[in-house]
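Chains as they are written, first to last, in the working numbering: chain S, 1 to 363; chain P, 1001 to 1352. The beta-carbon is built from N, C-alpha and C at its ideal position, and this holds for glycine as well. In this text the structure is predicted, and so the values were computed from the model without any measurement. Below is one structure, written out as structure tokens; the observations come after it.
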Amino acid sequence: MTITESKKEKDLGFFVRNQSIVVPIVAIFVAFVLGGILISLQGVNPLVAYRAIFSEAWFDSDGLLRTFQKTTPLVLAGLAVTVALRIGLFNIGAQGQLISAALASALAGIYITNLPPILHVIVSLVCGVVVGALWAAIAGLLKAYRGVHEVISTIMLNSIAVGILDYLVSNPFREPDQSLQRTKKIAESAILPNFGVIPFGFILAILVCLLVSWMLNRTTAGFRFNTVGKNKFAASYAGINMKLMIVTGMLLSGGLAGLGGAIETLGITYRFEPAFNSGLGFDGITIALLARSNPLATIPAAILVGTLRAGGASLQFNTGIEPEIVDVLLAITLLLVSAPILAKFLFKGKAQKTANVTSGWGS
Amino acid sequence: MKRMRTLAGISILALVLAACSSGTTDTAAETTAAALDDSNCAAAESFCVGLVTDIGKVDDKSFNQSAWEGAQAAAAEVGGFAKYIETTDTKDYAANMKQFTDKSYDVIVTVGFLMAEASVAAAKENPNTKFIGVDQFQAEEVANLTGLIFPEDQAGYAAGYLAGLLTKTNKLGQVLGLEIAPVQKFAKGFEAGATAANAAVKVTTVYHPPADNGFGDPVWGAAEAKKQLSQGADIIFGAGGGTGNGALIEIAKAEGAGTSIFCIGVDTDQWGTVPEAQPCLVTSAMKGLVEGTSDLVKAAFDGSIKGGNFNGTTGLADYHDLAAAVSADIQAKVAEIVAGLKDGSIMTGVTL
């Protein structure tokens, strides 16, 4: 008995050690199987349906460009949530930070003139990052100095951002003689180009992702982040300034979300309109949880979401299945990853505790 | 290990199940009665109609649904094939139209004002495809793009006139979708008609804030309707896809619905499409979306379609069961107004 037990462990050892990778992959697989059953209940072969999604998203040049375009803000929004999770903060406000940055970068792209192209792009991106960071910092300051829980404050800041942006885009910054509430188009010099099927913003997002990963794993600042995330009381006892950590964590998180919004404006939409950018910040939460707060894992997680979203139209065109099935797939995956059911089922007692989501409420 | 095996077993079973069902249908999108598919749309003898919705579903019980019904009916009548794609992201308009142009569809119907710019761009890119833009006013003529537009202000005016005569509190309300031209024309027509019928009347107007769910936010619509009811409005015009439907259904639940509280629907005769609203639904300000779309698709089939704008029709729906609540006197007056709007003797005075 004991011999077979230990042999079993040896067999499973690799999987147990790498369960933060194994669990999401199994979860995705299970989600596709369950989704496949739903699809076949509608009289469509799920393999045909999945092929429709992937051939559009990966094997068509327009589709591939769109996949990358959709992936880019998701990487950054996912990264924003991840960074906050690392110090035990649950930033639900990526959406608000992302949209305020989208407007800020659009305004910089429109109203700053006479700058050479590359500089104009940089200035506009920086405007977005700064506004996103500052918007998140409000929640950070409230948490650090008034003990307001960031989940509550960031949710409320999302709504406040929507209200303020609606006003700004309906009144002072509205495109003249235009029935829609939206800004003018940004100047040519502020546009982020595409290199073939690869948008420049995507490259930028990957670089930032590598940078954040390096920062978290190889620098003193990253060590502080992780220490606070593991046990904030120990961190505080060790002399880490908690207030400073919370505020800088939120600044960084908001800045990353803001970069996502800015790239979206400068690289895809070329103007701000409230209907754009919808839900990107919330997809960021999905991605961060899928990636289990590992910054590098946000890339494949975002590519998965981007692929499914880019292939949705082809799915409906070729099979008649409604594109919402994509959200069902993602929801099942997320449920399996975030709830410990799957890990417990696979690894029993060897299952890790669930991904560290937040280091406790009401503190 | 056993667990792994169980999991693998379940997965394989599911895959087998999936593979078994493959024989039934491969391309099972919404098809018309005609036994055609879109494999040879490029051929001269085939006629393929594609429809791209705005953010919204083809079963939204008002706008998109009517356009789809029109396209489907026309395709069936001429022995063609029709298919739709529902847009989920405003950034995907072009990509969704491209699905159809890639397959050499003959006609592409794009539904909604918000798609106007994307339709112009796609039409210029695909000069051999006919585009029909529902609710898209064409300021400049593109030869292969026809804007189907409606005098919404006339339907709004007639509905407003009825509301002005019917109100007891002299307070009317409007719960609307996005503040875009077609909705504004409904709203301003409603206000003008109400004031023409009853100078003492006050109209409270609220548009959905700009967002991608402007026409699909029944919760917001219901909340705004409730607010207006509590402020004393006794007749409310709900105009804006699912958002307006939310308002209508909320009003139908109010005390006095059908006797002292009424609601007015939009786009289609919502007596049939939103039965939950029947307790309060006195009429609907209708746009001839089904006929307009169908006429244009048929015109595209026989080649008589022209670029520029095509004027559809508007009107008021039947009173249905609530006819008893509207006195014969009021009915006659409203009928007079409708006739006057039609022959041009009454002008709404609405300008945007």
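CA nearest to the CA of residue i, picked from the options
i: A1323 of chain P; options: P:S1260, P:I1264, P:V1109, P:T1283; result: P:T1283
i: A262 of chain S; options: S:V23, S:N226, S:A106; result: S:A106
i: V1366 of chain P; options: P:S1304, P:G1315, P:L1352, P:G1349; result: Beyond the ends of chain P as shown, which are 1001 and 1352, falls residue 1366 of chain P; an answer cannot be given.
i: T1195 of chain P; options: P:K1185, P:G1164, P:K1130; result: P:G1164
i: T1348 of chain P; options: P:A1116, P:N1040, P:K1185, P:K1057; result: P:K1185
i: L180 of chain S; options: P:A1199, P:G1189, P:Y1207; result: P:Y1207
i: V212 of chain S; options: S:A297, S:P46, S:R17; result: S:A297
i: L251 of chain S; options: S:V33, S:L41, S:T154; result: S:T154
i: E1125 of chain P; options: P:F1113, P:S1104, P:L1114, P:G1112; result: P:S1104
i: I1180 of chain P; options: P:A1211, P:N1198, P:A1199, P:A1155; result: P:A1211
i: A144 of chain S; options: S:L34, S:G281, S:K243, S:A27; result: S:K243
i: G248 of chain S; options: S:G36, S:A52, S:A31, S:A80; result: It is worth fixing the name first, because residue 248 of chain S is Thr in this sequence and not Gly. Comparing Cα positions, the closest option is S:A80.
i: L256 of chain S; options: S:D166, S:I268, S:W135; result: S:W135
i: T286 of chain S; options: S:V328, S:L315, S:F317, S:L266; result: S:V328
i: Q42 of chain S; options: S:Q316, S:F347, S:A343, S:V26; result: S:Q316
i: Q1138 of chain P; options: P:T1129, P:P1127, P:A1123, P:A1192; result: P:A1123
i: Y364 of chain S; options: S:L65, S:A52, S:R182, S:Q178; result: The question about residue 364 of chain S has no answer here: the residues shown for chain S are numbered 1 through 363.
i: G88 of chain S; options: S:I268, S:M245, S:G281, S:G267; result: S:M245
i: A108 of chain S; options: S:R51, S:F200, S:F173, S:A133; result: S:F173
i: P116 of chain S; options: S:E188, S:L165, S:V148; result: S:E188
i: E1141 of chain P; options: P:E1336, P:G1340, P:G1308; result: P:G1308
Cut-off 6 Å between Cβ atoms - residues of its own chain near residue i, not counting five sequence neighbours on either side
i: K1342 of chain P; result: none
i: A1299 of chain P; result: I1305
i: L259 of chain S; result: L76, V129
i: K350 of chain S; result: V16
i: P1279 of chain P; result: A1252, A1257, G1258
Contacts of residue i in chain P (Cβ-Cβ under 9 Å)
i: S170 of chain S; result: E1179, P1209, P1210
i: D166 of chain S; result: P1209, P1210, A1211
i: R401 of chain S; result: This structure does not reach residue 401 of chain S, given that chain S is present from 1 up to 363, and the question cannot be answered.
i: S100 of chain S; result: Neighbours of S100 of chain S on chain P: none; closest Cβ ~15 Å, over 9 Å.
i: S253 of chain S; result: By Cβ distance, chain P contributes nothing, its closest Cβ being about 24 Å from S253 of chain S, past 9 Å.
Cross-chain neighbours of residue i in chain P, by beta carbon under 8 Å
i: A275 of chain S; result: I1055, T1090, L1114, P1210, A1211, D1212, G1214
i: D62 of chain S; result: A1095, K1098
i: L244 of chain S; result: Within chain P, no residue comes near L244 of chain S; the closest Cβ sits about 36 Å away, beyond 8 Å.
i: L74 of chain S; result: Within chain P, no residue comes near L74 of chain S; the closest Cβ sits about 12 Å away, beyond 8 Å.
Listed by chain order, chain P residues near residue i by CB distance under 7 Å
i: P269 of chain S; result: In the sequence on display, residue 269 of chain S carries Thr and not Pro. Near T269 of chain S (Cβ distances below 7 Å), the residues of chain P are K1091.
i: Q97 of chain S; result: None at all; the shortest Cβ gap to chain P is about 17 Å.
i: S179 of chain S; result: I1180, A1181
i: S159 of chain S; result: None at all; the shortest Cβ gap to chain P is about 11 Å.
Chain-ordered chain S contacts of residue i [CB-CB under 9 Å]
i: N1096 of chain P; result: A313, Q316, F317
Within chain S, partners of residue i - CB distance below 7 Å
i: E1086 of chain P; result: Q316, E322, P323
Contacts of residue i in chain S (Cβ-Cβ under 8 Å)
i: Q1421 of chain P; result: A question about residue 1421 of chain P goes unanswered here, because the residues of chain P that appear run from 1001 up to 1352.
Contacts around residue i, its chain only, beta-carbon distance under 8 Å, and the 5 residues preceding and following it disregarded
i: T1031 of chain P; result: Its pLDDT being 42, under 50, T1031 of chain P is placed unreliably in this model, and the coordinates cannot settle the point.
Beta-carbon contacts of residue i that lie in its chain and below 7 Å, excluding the five residues immediately before and after
i: T82 of chain S; result: A288, A291, S293, P295, T298
i: I198 of chain S; result: F68
i: S1119 of chain P; result: T1110, F1131, G1133, Q1136, L1145
i: W1068 of chain P; result: L1051, V1058, Y1084
i: D283 of chain S; result: L74, A77, V305
i: S1039 of chain P; result: none
i: P1127 of chain P; result: N1144
Min CB distance residue i to chain A below 8 Å
i: S153 of chain S; result: No chain A is part of this structure, whose protein chains are labelled S and P.
Fill in: Inter-stretch contact (C-beta, 8 Å, three-pair minimum) for the stretch 66-82 of chain S and the stretch 324-342 of chain S
Taking 8 Å as the limit for Cβ pairs, the verdict is that the stretch 324-342 of chain S does not touch the stretch 66-82 of chain S.
Worksheet item: Should the stretch 1148-1164 of chain P be regarded as contacting the stretch 1205-1216 of chain P, the criterion being three or more beta carbon pairs within less than 8 Å?
Response: Contact fails: fewer than three Cβ-Cβ distances are below 8 Å.
Discussion item. Suppose only complete runs of 4+ residues qualify. What are the alpha helix (DSSP H) ranges in the stretch 202-282 of chain S, listed by chain order?
Written reply: Runs found: 220-230, 232-237, 242-264.
Item to complete: For the stretch 1264-1272 of chain P and the stretch 1061-1069 of chain P, state whether three or more C-beta atom pairs, one from each stretch, are separated by less than 8 Å.
Response: A contact exists between the stretch 1264-1272 of chain P and the stretch 1061-1069 of chain P.
Fill in: Within the stretch 1143-1221 of chain P, ranges of the beta strand (DSSP E) (whole runs, at least 3 residues)
Listed in chain order, they are 1145-1149, 1171-1176, 1202-1207.
Practice prompt. Scan the stretch 280-310 of chain S and note each continuous beta strand (DSSP E) run of 3 residues or more that stays entirely inside, going in chain order.
Written response: Within the stretch 280-310 of chain S, no complete beta strand (DSSP E) run reaches 3 residues.
Discussion item. Does the contact criterion of 3 or more C-beta pairs under 8 Å hold for the stretch 288-303 of chain S versus the stretch 262-277 of chain S?
Written reply: As far as the Cβ criterion goes, the stretch 288-303 of chain S does not touch the stretch 262-277 of chain S, which means the pair count is below three.
Worksheet item: Between the stretch 59-74 of chain S and the stretch 305-312 of chain S, do at least 3 Cβ pairs fall closer than 8 Å?
Response: These segments touch.
Worksheet item: Which parts of the stretch 1250-1289 of chain P are runs of the beta strand (DSSP E), unbroken and 3 residues or longer, counting only runs that do not cross its ends?
Response: If we require 3 residues or more, the beta strand (DSSP E) runs fully inside the stretch 1250-1289 of chain P come out as 1262-1267, 1281-1287.
Worksheet item: Does the count of Cβ pairs from the stretch 86-105 of chain S and the stretch 338-346 of chain S closer than 8 Å reach three?
Response: The stretch 338-346 of chain S and the stretch 86-105 of chain S do not touch, with fewer than three beta-carbon pairs separated by less than 8 Å.
Practice prompt. Count the CB pairs spanning the stretch 1167-1181 of chain P and the stretch 1228-1246 of chain P that are closer than 8 Å, and state whether there are at least three.
Written response: In short, these stretches touch, since the Cβ pair count reaches three.
Worksheet item: Would you call the stretch 116-131 of chain S and the stretch 139-146 of chain S touching, i.e. three or more CB-CB distances under 8 Å?
Response: As far as the Cβ criterion goes, the stretch 116-131 of chain S does not touch the stretch 139-146 of chain S, which means the pair count is below three.
Fill in: Segment contact flag, the stretch 181-197 of chain S with the stretch 51-66 of chain S, C-beta cutoff 8 Å, min 3 pairs
A contact exists between the stretch 181-197 of chain S and the stretch 51-66 of chain S.
Fill in: the stretch 112-127 of chain S / the stretch 45-59 of chain S touching (three or more Cβ pairs under 8 Å)
Judged by Cβ distances under 8 Å, the stretch 112-127 of chain S makes no contact with the stretch 45-59 of chain S, as fewer than three pairs qualify.
Worksheet item: Okay, do the stretch 317-324 of chain S and the stretch 13-31 of chain S touch, 3+ Cβ pairs below 8 Å being the bar?
Response: Between the stretch 317-324 of chain S and the stretch 13-31 of chain S, the count of C-beta pairs closer than 8 Å stays below three; the two stretches do not touch.
Item to complete: Mind listing, in chain order, the continuous beta strand (DSSP E) runs of no fewer than 3 residues lying wholly within the stretch 307-345 of chain S?
Response: Secondary structure within the stretch 307-345 of chain S: not one fully enclosed beta strand (DSSP E) run of 3 or more consecutive residues is present.
Discussion item. I'd like the ranges of any beta strand (DSSP E) spanning at least 3 consecutive residues and lying wholly in the stretch 1083-1109 of chain P.
Written reply: Uninterrupted beta strand (DSSP E) stretches at least 3 residues long and entirely within the stretch 1083-1109 of chain P do not occur.
Worksheet item: Mind pulling the beta strand (DSSP E) runs of 3 or more residues that sit fully within the stretch 1291-1322 of chain P?
Response: DSSP runs (the beta strand (DSSP E)) wholly in the stretch 1291-1322 of chain P: 1308-1311, 1314-1316.
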